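Colleague: Got a structure for you, written out below as structure tokens; questions coming shortly.
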Amino acid sequence: MKQLYLLCFNKLGCIGNVFQIQFPLKTVCGALFCVLLAVFCTPAYADGKVRTKEFLEFEYSSQDYFIKVTINAATVIATQIRRDLALCIADWYTDDPKTVKQRNGEILKIMKGVPESYPSAVLIAILQKKCGKFTP
């Protein structure tokens, strides 16, 4: 059995508490695959050529949703690497609407400085700077 830390989500869809449960390895891999599939198979990413400069032209609601989903997926992946990394990400992004809006502003400001990069890569770099590398 493999341990998996599950995240509770509040009504806003943000990260809440982390709970530890056990699953067979195949279930964990399947769950992570589904999370990654949901994040990376959005219509805007279908051709794989969306750069940060195009992402910044999206409506704020789309940017907000992408940021939340990507951070939630990164947190789920972090639970399988280091629990402290997952908790750090959850604490940094939080579930307080005011803080989430502030964090999104910080993220979008950083993205403006790297227009030729990919939005998901920028998000992972920000999370690694705030909480450490995604390594055991």
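Using the numbering used here, count along the sequence shown one by one with no gaps and you end on 141. For every residue, glycine included, the Cβ atom is placed at its ideal position computed from N, Cα and C. Since we're looking at a predicted model, the values are computed, not measured.
Between the Cα of Leu132 and the Cα atoms of Leu113, Arg87, Cys93 and Phe71, which residue gives the shortest distance?
Modeller: Comparing Cα-Cα distances from Leu132 to each of Leu113, Arg87, Cys93 and Phe71, the minimum goes to Cys93.
Colleague: Which word fits Pro124, buried or exposed, when buried means at least 16 other C-beta atoms lie within 10 angstroms of its C-beta?
Modeller: Buried, since its Cβ has 16 or more Cβ neighbours within 10 Å.
Colleague: Figure out for me which residue from Glu59, Asp69, Phe60 and Phe63 has the closest Cα to the Cα of Asn109.
Modeller: Nearest of Glu59, Asp69, Phe60 and Phe63 to Asn109, Cα basis: Asp69.
Colleague: Could you check where the alpha helix (DSSP H) with Asp69 kicks off and where it finishes?
Modeller: Element bounds for Asp69: Tyr65 to Thr84.
Colleague: Does DSSP put Lys138 in a helix, in a strand, or in coil?
Modeller: Coil.
Colleague: Note down the Cα distance separating Lys58 from Ala126, rounded to an integer number of angstroms.
Modeller: Roughly 13 angstroms separates the two Cα atoms.
Colleague: Helix, strand or coil: how does DSSP classify Arg88 here?
Modeller: It is helical.
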